[in-house]
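Order-wise, the sequence lines are chains W and S.
Quick note on the numbering used here: the first sequence kicks off at 28 and runs consecutively.
Quick note on the numbering used here: the second sequence kicks off at 5 and runs consecutively.
Note that the Cβ used here is the ideal one computed from N, Cα and C, for glycine as well.
Nothing here was measured: the structure is a model prediction, and the numbers come from that model.
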Amino acid sequence: MSMHQVTLVEAVRLAALQEMRRDPTVWVMGEDVARGGLYGQYRDFLPEFGAERVVSTPISESTIMGAGLGAALVGTRPIIEMRIFDFVMCAMDELVNQIAKIRYMFGGQARPSVVVRMPHGIWRNSAAQHSQMLESWFVHLPGVIVVTPSTPADAAGLLVNAIRSDDPVLFFDPKNLFPATGDVASVIEPIPFGKARLAREGRDLTIVSWSAIMPAVEQAAATLAADGIAADVIDLRTLWPWDQEAVCASVARTGRLLVVQEAVSVAGFGAEVVATVLETLGPARVKAARRLGAPRIPIPFSPPLEDAVKVTPAKIVAAAKAAMG
Amino acid sequence: MEPTHNIRRLMDLYRTMSRIRAFETAALNAHKEGVVPGPLHVSIGQEGVAAGVCLNLTTEDRITSNHRGHGHALAKGAGVQGMMRELFGREGGHCRGKGGSMHIADFSVGMLGANGVVSGGIPIAVGAAQGLKMLRSSAIAVCFFGDGAINRGPFLEGLNWAALYNLPVLFICEDNGVSAFTATDTVTAGPGVIARAASLGVPGVTVDGNDALAVDEAAGRLVAEVRGGKGPRLLHAKTFRITGHTSTDAAAWRDPADVAAAKARDPIDRLGLLLADRGVATADLDALRLAVFEEMEAAVNDAKAAPWPDEAIAYEDVQDVGAVRFSGVSA
Ligand SMILES: Cc1ncc(C[n+]2csc(CCOP(=O)(O)OP(=O)(O)O)c2C)c(N)n1
Ligand SMILES: [Mg+2]
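Printed below as a string of structure tokens:
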């Protein structure tokens, strides 16, 4: 199969393009999508699919989300574009009380087959309302799939699977990584949910992470390797379902776990990973289990302040060394 | 005399309203008896709206509803046994006992669900209309909500959206004058729902919601316009909720004169008088009302006897991938 190097934003563009060509019931709705979307992730969709399937909407997040659900209930498969994750707060009823509940409340009569795309994370000094990572909130929400890719190939393959999924999928585009490049196949195959990617192999320590912070984790792992510490680096790719087997098997080998998250560490998904590993393996088999994330403060604007909050390769190296004892 | 209404159509309206009244009464009594868990929002006094609107719809048409949804579901053709069992939380309920009164739904007849969130059904109906249009369906979406819902954002967003994309959706504002326990006009600025709709490009008409014929006629015209591709329309039906907000609200807070006046305008009695005028024997009307009473009594008895759902059912219908399975051991 032929591969080509593309940016992450191009990879997800190609994935959505492929699926809209394959299935005429797939369509995209959201602010500015007919103009290609805020990041160009829908560039050139309008001329190919027309205004009925590439719908630039009013700035009406409740209705973008709720209308997407309604359209799914009559048999179409909308991609609901939230533009920037933080704006989903204006559509929380439609997401949490409606989309996530409708199949259950109605005893299986409804299939809310939607993909909600929410580009998240710290990005270009955008301050507190355009930088959040609250993906852990949604792992707590029964009824949805939570997807958090970090590479072009994973983002593309997971988006294909998301569009084909009958379950509602919350797709967190790592917006700061949109310019990052990687190989993507010319025919994008779906990547199953709940299967982690082993980014690097090592026997001393397991580092678990996901989404936009992954490049920093890999950089840190390279530094650690130069210092004689070999880390297994696991990119979870999806947080619900998540690959508990892969993580537990790795920690069973290494005996040490570090979870790295861009999000606030307190009550973040890292806590779930640590708890699951300890429950599964028992404390005797785990010599260290640590979390690294942001302090529990909003994301500040000023570059030095934003930098201070960020998880960096240096902080990851330090946390890993602390875990080595 | 209404020339467009033949006796059969009048009897259809009368039967639907009577069935709703009988269902609501039976459910309310069962609740008082303690066999229906959770609160009920019944629509006694408002039956003319559901009956008059839904008489103009096909099974293919979709409706969304609010928390007071039993009447809408029945008028759309939802199965009574599945509804009553759902209210009772028993096996065989339309929602397998996971929805109850506030989430009554029967997708097999295009009833896309009641909703526990005020105005929650509006974006859903708008999106259903958008999907139907995209699929080149001749079906339309109809959205029932109360007068309280026009003060939430989704009302404004949804009407703007429907007009913008010229969607086949009919909005029904079922105006009983109250938002739970507060008179809606004391918490609503401006000239009201019709003006708000007009300002968003959605033409609307007001009818006496306690006159089922007037509702039927107005809805018939609006449904034809919506189905004909003319875009969204709004029907503002003024009515009165004779019983309390919920099954536990005795509504003692209300002015007895208002309630007495409303009872004098009872939509079922009014249509009964008209039918008698048109030569239908009172005995036939009484027989009909007895028959629907017996139908609902049988539904209550069936629901009482139905088994409770298995614990494992609580774990079903969550999601396909990443579903948590029942361990077989109670938590
Ligand atoms: C968003 C939201 N806020 C508040 C409530 C609580 N509540 C339930 S019904 C109701 C009154 C609704 O009034 P209206 O829409 O006119 O319907 P009615 O009860 O009169 O039929 C309220 C406030 C709710 N369910 N949802
Ligand atoms: Mg009301």
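**Request:** Just the chain W side, please: which residues come within less than 9 Å of S/Phe111 by C-beta, in chain order?
**Result:** As a first step, residue 111 of chain S is located in the second sequence; it is residue number 107 there, counting from the start. Under the 9 Å cutoff, chain W gives Leu100, Phe133, Gln136, Ala137.
**Asked** How would you label W/Ile86, buried or exposed, when you count the other beta carbons within 10 angstroms and need 16 or more for buried?
**Response** Your numbering for residue 86 of chain W matches position 59 in the first sequence. Looking at its Cβ environment, which holds fewer than 16 other Cβ atoms inside 10 Å, W/Ile86 is exposed.
**Prompt:** Using a C-beta to C-beta distance shorter than 7 Å, which residues of chain S count as neighbours of W/Ala368?
**Reply:** Lying outside 28 to 352, the shown extent of chain W, residue 368 of chain W is not represented and no answer is given.
**Request:** Measure the C-alpha to C-alpha separation of W/Ile149 and S/Val182 and round it to an integer number of angstroms.
**Result:** Locating residue 149 of chain W in the first sequence gives position 122, where the first residue counts as 1. Locating residue 182 of chain S in the second sequence gives position 178, where the first residue counts as 1. Taking the straight line from one Cα to the other gives about 46 Å.
**Prompt:** Residues of chain S with a CB under 7 Å from the CB of W/Gly170: which are they?
**Reply:** The sequence position of residue 170 of chain W within the first sequence is 143, counting from 1. Within 7 Å Cβ-Cβ: Val322, Gln323.
**Message:** Less than 8 Å between CB atoms is the rule here; does S/Pro43 satisfy it with respect to chain W?
**Reply:** The sequence position of residue 43 of chain S within the second sequence is 39, counting from 1. No, no contact with chain W.
**Message:** With a threshold of 6 Å on Cβ separation, who are the neighbours of S/Thr62 within its own chain once the five nearest residues in sequence on each side are excluded?
**Reply:** By 1-based counting over the second sequence, the position of residue 62 of chain S is 58. Cβ neighbours of S/Thr62 beyond the five flanking positions: none.
**Request:** For S/Val121, decide whether its Cβ has a neighbour in chain W, counting only Cβ atoms nearer than 8 Å.
**Result:** As a first step, residue 121 of chain S must be located in the second sequence, where it is residue number 117. Chain W contact via Cβ: present.
**Item:** Segment contact flag, the stretch 56-64 of chain W with the stretch 229-237 of chain W, C-beta cutoff 8 Å, min 3 pairs
**Value:** no
**Item:** Under 7 Å from the C-beta of S/Lys102: neighbouring residues of chain W
**Value:** Within the second sequence, the letter at position 98 stands for residue 102 of chain S. By Cβ distance, chain W contributes Tyr131, Met132, Gly134.
**Message:** Beta carbons nearer than 7 Å to chain S: which residues of the stretch 106-126 of chain W have them?
**Reply:** Asp120, Glu121, Asn124, Gln125
**Asked** In terms of residues, what are the limits of the alpha helix (DSSP H) holding W/Gln45?
**Response** Against the first sequence, residue 45 of chain W aligns to sequence position 18. W/Gln45 -> alpha helix (DSSP H) spans 35-49.
**Request:** Pull up the CB-CB distance for W/Phe198 and S/Val325, whole angstroms please, since I reckon it's below 8 Å.
**Result:** Along the first sequence, one-based indexing puts residue 198 of chain W at 171. Along the second sequence, one-based indexing puts residue 325 of chain S at 321. Their Cβ separation, rounded to whole angstroms, is 14 Å, which puts W/Phe198 and S/Val325 out of contact at 8 Å.
**Item:** S/Val219 Cβ short of 7 Å to ligand 4 heavy atom set
**Value:** Because ligand 4 does not appear in the structure shown, any question about it cannot be addressed here, the ligands present being ligand 1 and ligand 2.
**Prompt:** Taking buried to mean at least 16 other C-beta atoms within 10 Å of its own C-beta, is S/Asp220 buried or exposed?
**Reply:** Position 216 of the second sequence, counting from 1, holds the residue named residue 220 of chain S. Buried: at least 16 other Cβ atoms inside 10 Å.
**Message:** Could you check whether the Cβ of S/His107 sits closer than 8 Å to any Cβ belonging to chain W?
**Reply:** The residue you call residue 107 of chain S lines up with position 103 of the second sequence. Yes, S/His107 lies at the interface with chain W (some Cβ there is under 8 Å from its Cβ).
**Selection from W/Trp237, W/Cys117, W/Phe133 that minimises the alpha carbon distance to S/Gly93** = Reading the second sequence from its first residue, position 89 is the one you call residue 93 of chain S. Closest option to S/Gly93, Cα to Cα, is W/Phe133.
**Request:** Kindly say whether W/Gly97, judged by its beta-carbon, lies nearer than 8 Å to any beta-carbon of chain S.
**Result:** The count along the first sequence starts at 1 and reaches residue 97 of chain W at position 70. Yes, because at least one Cβ of chain S sits closer than 8 Å to the Cβ of W/Gly97.
**Asked** Mind checking whether S/Ile198 and S/Ala241 have CB atoms under 8 Å apart?
**Response** Locating residue 198 of chain S in the second sequence gives position 194, where the first residue counts as 1. Locating residue 241 of chain S in the second sequence gives position 237, where the first residue counts as 1. Cβ atoms of S/Ile198 and S/Ala241: not closer than 8 Å.
**Request:** Look at the alpha carbon of W/Ala38 and the alpha carbon of W/Gln68, and state the distance between them as a whole number of angstroms.
**Result:** One-based indexing of the first sequence puts residue 38 of chain W at position 11. One-based indexing of the first sequence puts residue 68 of chain W at position 41. In a straight line, the C-alpha of W/Ala38 is about 9 Å away from that of W/Gln68.
**Request:** Could you check what DSSP says for S/Met5 in three-state terms: helix, strand or coil?
**Result:** Translated into positions along the second sequence, residue 5 of chain S becomes position 1. Note on S/Met5: pLDDT 46, under 50, position unreliable in the model; no value is reported.
**Asked** Between the Cα of W/Pro146 and the Cα atoms of W/Leu73, W/Leu35, W/Asp120, W/Leu100, which residue gives the shortest distance?
**Response** Numbered from its first residue, the first sequence carries residue 146 of chain W at position 119. The option with the nearest alpha carbon to W/Pro146 is W/Leu35.
**Local conformation of W/Phe328 per DSSP, three classes** = In the first sequence, counting from the first residue as 1, residue 328 of chain W sits at position 301. Coil.
**Message:** Assess contact between the stretch 147-165 of chain S and the stretch 209-219 of chain S, defined as three or more Cβ pairs (one per stretch) separated by less than 8 Å. Is contact present?
**Reply:** no
**Request:** Report, in whole angstroms, the separation of the C-beta atoms of W/Gly95 and W/Tyr131, which I expect to be a contact under 8 Å.
**Result:** On the first sequence, residue 95 of chain W is found 68 positions in, with the first residue counted as 1. On the first sequence, residue 131 of chain W is found 104 positions in, with the first residue counted as 1. Wrong, their Cβ atoms sit about 18 Å apart, outside the cutoff.
**Asked** Does the beta carbon of W/Ser192 sit closer than 8 Å to a beta carbon anywhere in chain S?
**Response** Sequence index remark: in the first sequence, residue 192 of chain W carries index 165 (1-based). Closer than 8 Å to some Cβ of chain S, the Cβ of W/Ser192 qualifies, so yes.
**Prompt:** How big is the Cα-Cα spacing for S/Thr3 and S/Asn180?
**Reply:** This structure cannot settle anything about residue 3 of chain S, because the visible part of chain S is limited to 5 through 335.
**Request:** Classify S/Lys242 as helix, strand or coil using the three-state DSSP reduction.
**Result:** If you number the second sequence from 1, residue 242 of chain S lands on position 238. Correct three-state label for S/Lys242: strand.
**Asked** Where do the ends of the alpha helix (DSSP H) carrying W/Thr265 lie?
**Response** The residue given as residue 265 of chain W occupies position 238 in the first sequence. That residue, W/Thr265, is in no alpha helix (DSSP H); its beta strand (DSSP E) goes 265-267.
**Prompt:** Where are the beta strand (DSSP E) runs, 3 residues long or more, that stay fully inside the stretch 78-108 of chain W, in chain order?
**Reply:** 81-83, 104-108
**Asked** Where does W/Ile234 sit, in a helix, a strand or coil, going by DSSP?
**Response** By one-based count along the first sequence, residue 234 of chain W stands at place 207. W/Ile234 falls in the strand class under three-state DSSP.
**Request:** Compare the C-beta of S/Phe330 with all C-beta atoms of chain W and state if any pair is closer than 8 Å.
**Result:** Mapped onto the second sequence, residue 330 of chain S falls at position 326. Chain W, which has no Cβ nearer than 8 Å to the Cβ of S/Phe330, makes this no.
**Asked** Rounded to whole angstroms, how far is the Cβ of W/Val15 from the Cβ of W/Ile106, which I believe are closer than 8 Å?
**Response** Residue 15 of chain W is absent from the model: chain W starts at 28 and stops at 352.
**Item:** Terminal residues of the alpha helix (DSSP H) in which S/Gly208 lies
**Value:** Sequence index remark: in the second sequence, residue 208 of chain S carries index 204 (1-based). Not the alpha helix (DSSP H): S/Gly208 falls in the beta strand (DSSP E), residues 208-212.
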